[in-house]
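Participant: In the working numbering, the protein residues as written are 26 to 488. Don't be surprised by glycine CBs; every beta carbon is placed ideally from N, CA and C.
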Ligand SMILES: C[C@@]1(CC(=O)O)C2=NC(=C\c3[nH]c(c(CCC(=O)O)c3CC(=O)O)Cc3[nH]c(c(CC(=O)O)c3CCC(=O)O)/C=C3\N/C(=C\2)[C@@H](CCC(=O)O)[C@]3(C)CC(=O)O)/[C@H]1CCC(=O)O
Ligand SMILES: NC(=O)c1ccc[n+]([C@@H]2O[C@H](COP(=O)([O-])OP(=O)(O)OC[C@H]3O[C@@H](n4cnc5c(N)ncnc54)[C@H](O)[C@@H]3O)[C@@H](O)[C@H]2O)c1
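1) Using the C-alpha atoms, what's the distance from residue 43 back to residue 106?
2) Rounded to whole angstroms, what's the CA-CA distance from residue 177 to residue 195? Just pull it up for me.
3) Would you mind working out which of 198, 166, 171, 193 sits nearest residue 185, comparing C-alpha positions?
4) Taking the C-alpha atoms as reference points, what is the distance between residue 160 and residue 149?
5) Closer than 6 Å by C-beta to residue 370: which residues in its own chain qualify, once you throw out the five before and the five after it? Chain order, please.
6) Under 8 Å Cβ to Cβ from residue 262, same chain only, skipping five residues before and after it: list those, please.
7) Go to residue 97, then tell me how far its alpha helix (DSSP H) extends in each direction, as first and last residue.
8) Are there three or more Cβ pairs, one per stretch, closer than 8 Å when the stretch 414-429 is compared with the stretch 353-362?
9) Count the other CB atoms within 10 Å of the CB of residue 252; is the residue buried (16 or more) or exposed (fewer)?
10) Given a cut-off of 8 Å, decide if residue 412 and residue 396 are closer than it, judged by their beta-carbon atoms.
11) Do the stretch 34-49 and the stretch 280-290 meet, that is, are 3 or more Cβ pairs less than 8 Å apart?
12) Would you say the beta carbon of residue 445 is closer than 7 Å to some non-hydrogen atom of ligand 1?
13) If we call anything under 8 Å between Cβ atoms a contact, is residue 60 one with residue 274?
14) Can you tell me whether DSSP reads residue 130 as helix, strand or coil?
15) Quick check: is any heavy atom of ligand 1 less than 7 Å from the C-beta of residue 469?
16) Quick one: what's got a C-beta closer than 6 Å to residue 8's C-beta in the same chain, skipping five residues either side?
17) Just how far apart, CA to CA, sit residue 441 and residue 421?
18) So does residue 355 have its beta carbon nearer than 7 Å to some heavy atom of ligand 2?
19) Give the secondary structure of residue 450 by DSSP, where H, G and I count as helix, E and B as strand, and everything else as coil.
20) Which two residues bound the contiguous beta strand (DSSP E) that contains residue 167?
21) Across which residues does DSSP place residue 403 in a beta bridge pair?
22) Nearer than 7 Å: is that true of the beta carbon of residue 363 relative to any heavy atom of ligand 1?
23) Can you name the start and end residues of the alpha helix (DSSP H) that residue 262 belongs to?
24) Rounding to the nearest angstrom, what Cα-Cα distance links residue 486 and residue 151 in this structure?
25) Can you tell me which of 118, 399, 78 puts its alpha carbon nearest to the alpha carbon of residue 96?
26) Grab me the residues of residue 188's own chain with a C-beta within less than 6 Å of its C-beta, minus the 5 sequence neighbours each way, in chain order.
27) By how many angstroms is the C-alpha of residue 474 removed from the C-alpha of residue 424?
28) Quick check: does the Cβ of residue 102 come within less than 7 Å of any heavy atom belonging to ligand 2?
29) For residue 37, which residues in the same chain have their Cβ closer than 6 Å to its Cβ, ignoring the five residues on either side in sequence?
30) Residue 258: which of 27, 231, 84 sits nearest, CA to CA?
31) With distances taken between CB atoms, is the gap from residue 438 to residue 451 smaller than 8 Å?
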């Protein structure tokens, strides 16, 4: 009998547990494997909700002595630590508890240092302040800067930085002077000394309506965890500059190989690299029949019927948008997101909406679009080359659709894909490359995840 305890809470943890769960479902004898999992956070619990048959999951933070007690009670052969790279305190406790209970400790580290899981949680990593500044220059929205004052000058090339950036710096005369010299006015500056709690960070993000939080890869002492938690909670994107020092341990693949060899298991058979897993996770969990899904995915040979199903219905022509007029009806959550994306392209955006998202209002104040605060009327689209119908009233969206058909204007209807002439893709722009992502309108969550994965990949690999 092999008894495993897995401290999860990251994508690696979930991937490992799913593979172990598949191993358990294949087990024909009783005394082969038993798996106990611990997750500390709500997020970890959410990730683990589906598809983990046969695994006992404990949710909630354990103290070191509770860990030791659990380990002594179950006499685990191996305790596998896949906790977050920034959760150093937790790793340390697990290590100590293993030493006290005599269980063998195995640490899983990320091959690339990080982090599809963090990417999903709104993190982007940059090697230098320059590349982060370039990114911010290309992506609109307010920014809470928590890198101190010495490196701030890297960010003054960002268009409109005096309005977009809110540096949080130490309350010292010299610091204030250097920030003022860089062109930051009093209303942009937050002069406060830390440490800051996650709640405090979140409140500041909300107060300035920041879309981004910029931090150095400072580890615990720099309050990284509190910033990370605040970013996750508010939905702000965390831009992390620099790399944390590498941690020692096994990659997930090596760990699985080790388990298979040492314990006579075949976990590796059901193991897919987690980037693949991430993309495929939703169909897998929805289908429930994970065994079949894995077998199918591993089978390269496809029947003609399957190949037909794989044929895309949406071709990514890249359309010349320069100088074109795009009318967006609605300025809420969805329209707002799309308008922000359009701001990275050279087109004339006109927005028709009764109520507008604050960021759209800000864009109007910055003269980057035309906003007409009114009810939609047919004439509003008369000069449009493309129309996005994104009000929260489906009958209005339908009217817009009919009017566009009447006038031969290509239209996108946010609440009914069957009425759309074009889909709005997930978009990434990096170093002059534009990527558009579609899942053929069949799975928006998948399109979103794929967009995140590709963005991360370009961020890491495209110089
Ligand atoms: C890629 C992305 C671009 C963008 O929107 O910027 C995008 N949807 C995204 C996210 C998303 N969409 C939805 C959710 C809620 C959760 C869920 O239901 O899963 C989430 C998740 C979220 O918001 O987090 C709900 C939803 N979406 C559509 C309908 C109506 C329908 O299906 O008929 C409904 C139900 C509405 C309702 O309930 O009334 C339709 C469309 N959405 C499309 C694009 C088009 C092609 C998609 C494709 O290629 O597969 C398509 C077909 C037509 C179009 O609108 O162009 C973006 C990811 C951006 C990113 O990377 O963050
Ligand atoms: N395609 C997608 O990715 C996706 C995702 C989620 C939701 N949706 C759909 O998108 C639509 C918009 O959702 P939301 O969350 O942005 O809504 P929202 O409530 O945040 O915003 C609605 C916007 O429409 C405006 N509006 C309503 N009636 C209007 C009218 N007659 N004239 C002018 N403006 C009008 C409002 O003033 C507001 O700006 C919904 O139909 C929703 O079902 C699409």
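Facilitator: In terms of the structure at hand:
1) 15 Å
2) 13 Å
3) 166
4) 10 Å
5) 346
6) 147, 148, 149, 236, 237, 238, 256
7) 89-99
8) yes
9) buried
10) no
11) yes
12) yes
13) no
14) strand
15) yes
16) With the chain represented from 26 up to 488, any question about residue 8 goes unanswered, as that position is not in the structure.
17) 12 Å
18) yes
19) coil
20) 167-171
21) Residue 403 pairs with nothing; no bridge assigned.
22) yes
23) Segment 262-266 is the beta strand (DSSP E) holding residue 262; no alpha helix (DSSP H) there.
24) 11 Å
25) 118
26) none
27) 32 Å
28) no
29) 107, 133, 277
30) 231
31) no
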